[in-house]
Each structure stands twice: as structure tokens, then as C-alpha cells.
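K.L.:
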Amino acid sequence: MTITQLQYVLAVAEHKNFTLAAEKCFVTQPTLSMQIQKIEEELNILIFDRSKKPIQLTDIGQKIVNQAKNIVNEADRIKDIVEQQKGFIGGEFRLGIIPTIMPTLLPMFLNNFIKKYPKVKLLIEELNTDEIIIKLKNGHLDAAIAATPLEDEKIKEIVLYFEPFVAYIPEHHASFQKEEIEIADLNINEILLLQDGHCFRDGILNLCKNGTDIDQNNFQIQSGSFETLIKLADEGLGTTLLPYLHTLDLKDSDKLKLRNFKEPKPAREVSLIYPKSELKMQIIDALRSTIAGVVKGAIVFQNVQIVSPLQKK
């Protein structure tokens with residue numbers, strides 16, 4: 001069997017379709033099918049149950065796929081070792097970033113990074129955390145920037161910074177007169193939230209669940225952007241919470257409505273995450289150092305209470 005054959009097996013296992021897998025591998029469908037048939041004949045087993053739609057792995061096929069992932073990763077590691085030995089920092093690097101971090105953090109470091117490492121071709125995708133985890137595990141991302149901890153044994157995390165939650169409270173609200181607020185001041189049933197799928201939304205729910213019962217009927221107004229939530233709050237429809245970096249670009253009139261939490265400030269932990277295979281570590285380290293260099297002046301908070309992004313049952 002060959003590494004290429006194993007890559008074909010992994011593609012079919014992921015896409016559950018020979019034609020789509022062939023397209024992703026840039027070969028014809030007959031070529032891919034023939035190579036998979038060869039490995040099945042060599043092992044004298046069936047990896048896929050072709051009678052089912054979509055195609056399913058057989059029991060032994062699932063075990064082979066699990067091992068094939070390890071073998072393909074280790075083969076990629078050989079190239080990685082050579083590049084590290086040569087001190088080469090370049091090539092294609094696929095990076096995922098969650099939506100509530102992308103618009104504020106990316107402009108802070110991207111220009112510095114591409115100037116310092118011109119041989120790296122960054123392919124950046126905006127993805128939610130669940131999509132990132134799946135793509136990291138399937139080898140479709142090299143690393144990502146997300147809120148942590150994720151408590152996933154197959155993913156490693158390097159903490160980049162801690163970003164406090166900041167309340168946006170319009171003038172008509174009772175807490176507007178306070179210079180600082182506490183978690184107890186929040187009423188979860190009047191907080192405007194991002195849509196499902198955003199880990200920042202889950203962080204707010206985790207932050208507030210300890211103090212107030214949640215009336216699910218009040219969660220009808222949900223948006224995909226902080227800008228919309230701010231406008232809704234100004235219209236008297238509630239309050240909202242924002243990540244600290246997002247508040248830096250607000251208009252001066254809107255900044256007057258921001259209220260910080262008393263210490264320890266509730267905050268999210270933002271990390272660079274990557275698979276345990278630790279491929280392309282030279283680029284991951286370059287990203288880490290570049291981001292650390294630009295955020296240390298903007299994010300200086302230490303006395304914080306980390307709010308988990310994981311949904312509580």
C-alpha cells in the first residue's frame with residue numbers, strides 16, 4: 001500500500017462519495033476507485049460498504065481509517081522535519097478564526113506577519129468553533145484562533161491573551177449610572193445575544209447562568225453582528241456584552257455607554273490551537289510571536305476570571 005492510496009481512503013471516508021473524493025484529490029473517479037480496490041485486495045477486506053447511500057465504512061474499515069490518519073500525519077511530519085532543519089518558514093498555511101475575533105485581531109497582526117514571513121501563503125477562513133474543530137481533526141486546517149479552553153484531547157492550545165467582557169448599557173438603563181458593574185447586575189433575560197453557533201454567546205450564557213433563571217421566550221432577538229446588537233440596545237431593547245477589542249473602535253458617543261466589570265473581570269481566553277500532530281510548528285510559532293507582539297500593548301489585563309466557551313448542559 002502507498003501513502004497516496006491511504007489519502008484516497010481518507011478522502012472517501014470523509015466525503016462518503018467516490019466522485020466528490022476524487023475531485024478533492026484532483027484525480028479521476030476511476031483512478032481513485034481502482035487504487036482503493038487495490039488496497040482492499042491487498043488486505044483481503046472491504047474498507048467501504050458500497051451498498052449503502054451514502055457510502056459507509058465497514059467495522060474493519062473504521063479501524064483502518066484511524067490508523068491511516070496516523071500514517072499520513074507521520075509522512076507529512078518528515079517534510080516538516082526537513083523544513084525545520086533548513087530553517088524554512090514558508091509554504092501554504094490554513095488558518096481558521098472565529099467570527100468574534102476575526103474583525104478585530106486579524107487587522108492587528110496580518111500586515112506585520114506577511115511582511116516578516118513573505119514565503120508563507122496564509123489561507124484564512126472565518127469559521128465557528130465547531131467547524132474549526134472538525135477541520136483541524138480532518139487535516140483541512142493547520143491551526144486556528146479561538147476562545148478556549150476547549151477540553152479536546154486531540155487539540156493543543158497556546159494562550160495568546162485574555163480579553164475581558166465589557167457591558168454596553170444605554171442611558172435609559174438603571175445600571176448606566178454605575179462606574180463599574182458586577183455579574184449580579186446582569187439580567188440574562190434582557191441581554192441581546194449573538195446567534196447560535198457563536199462561542200461568545202455561549203460564554204455570556206455561562207457567565208449569567210449562575211445568577212438568574214433564563215426565560216427562553218425572551219431570546220427572540222439574536223443577531224450575527226455586534227453592530228446590530230448595539231443599535232438594538234440604543235433602541236431600548238436591552239443591553240449587550242462586547243469583547244474588549246471590539247470596544248476600541250466604537251464611536252466616542254458609544255464608548256460613554258461602556259461599563260467595565262469589577263475585578264476579577266470576566267474574560268475569554270483566546271488561544272492559537274492546532275492538532276496534536278504538531279505539523280508546521282515553525283509557522284505556528286511565528287504566528288504566536290507576531291500576535292503576542294501586537295496585542296501586548298492593547299490587552300494588558302491579568303486579574304481576570306476565565307469564562308468557558310463550552311456550552312453547559
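Here the UniProt record's numbering is used: the first residue of the sequence shown is 1, the next is one more, and so on.
All C-beta atoms, glycine included, are put in the ideal place defined by N, C-alpha and C.
1) Measuring only the C-alpha atoms, how far is E179 from P264?
2) Cβ atoms of K276 and E153: under 9 Å apart, would you say?
3) Where do the N-terminal and C-terminal ends of the beta strand (DSSP E) with F93 fall, by residue?
4) Going by other Cβ atoms of all chains shown within 10 Å of its Cβ, with 16 needed for buried, is residue 319 buried or exposed?
5) Please go through the same chain and pick out, in chain order, the residues whose beta-carbon is closer than 8 Å to the beta-carbon of E191, but skip the five residues on each side of it.
6) Going by DSSP in three states, V307 sits in which element: helix, strand or coil?
7) Could you say which of I306, L20, A21, Y8 lies nearest to F165 if we only look at CA atoms?
8) Judging by CA-CA distance, which residue of I39, V120, I64 is the nearest neighbour of K280?
9) Is the closest heavy atom of the ligand SAH to the C-beta of N303 under 8 Å?
10) How would you write the range of the alpha helix (DSSP H) that N66 sits in, first residue to last?
11) CA-CA distance, H15 and L122?
12) Distance check for H246 and T290, CA to CA, integer angstroms please.
13) So what's I101 in DSSP terms, helix, strand or just coil?
14) Select from Y274, D249, P243, K137 the residue whose C-alpha is nearest the C-alpha of N260.
15) Quick one: residues in its chain with C-beta nearer than 8 Å to the C-beta of N303, no 5 flanking neighbours on either side, listed in chain order?
16) By DSSP, does S271 sit in helix, in strand, or in coil?
17) Among I89, P309, L105, which residue has its Cα nearest to the Cα of D196?
P.N.:
Let's see:
1) 15 Å
2) yes
3) 91-97
4) Within the shown structure, residues of the chain are numbered from 1 to 313, placing residue 319 beyond reach of any answer.
5) One point to set straight first is that residue 191 is Ile, not Glu, in the sequence displayed. These residues qualify, in order along the chain: I204, C208, G238, T239, T240, L241.
6) coil
7) Between F165 and the set I306, L20, A21, Y8, the nearest pair of CA atoms involves I306.
8) Among I39, V120, I64, the Cα nearest to that of K280 belongs to V120.
9) By its list of ligands, the structure shown contains no ligand whatsoever, and the ligand SAH lies outside what it can speak to.
10) For N66, the enclosing alpha helix (DSSP H) begins and ends at 59-85.
11) 25 Å
12) 20 Å
13) coil
14) P243
15) E263, P264, K265
16) strand
17) P309
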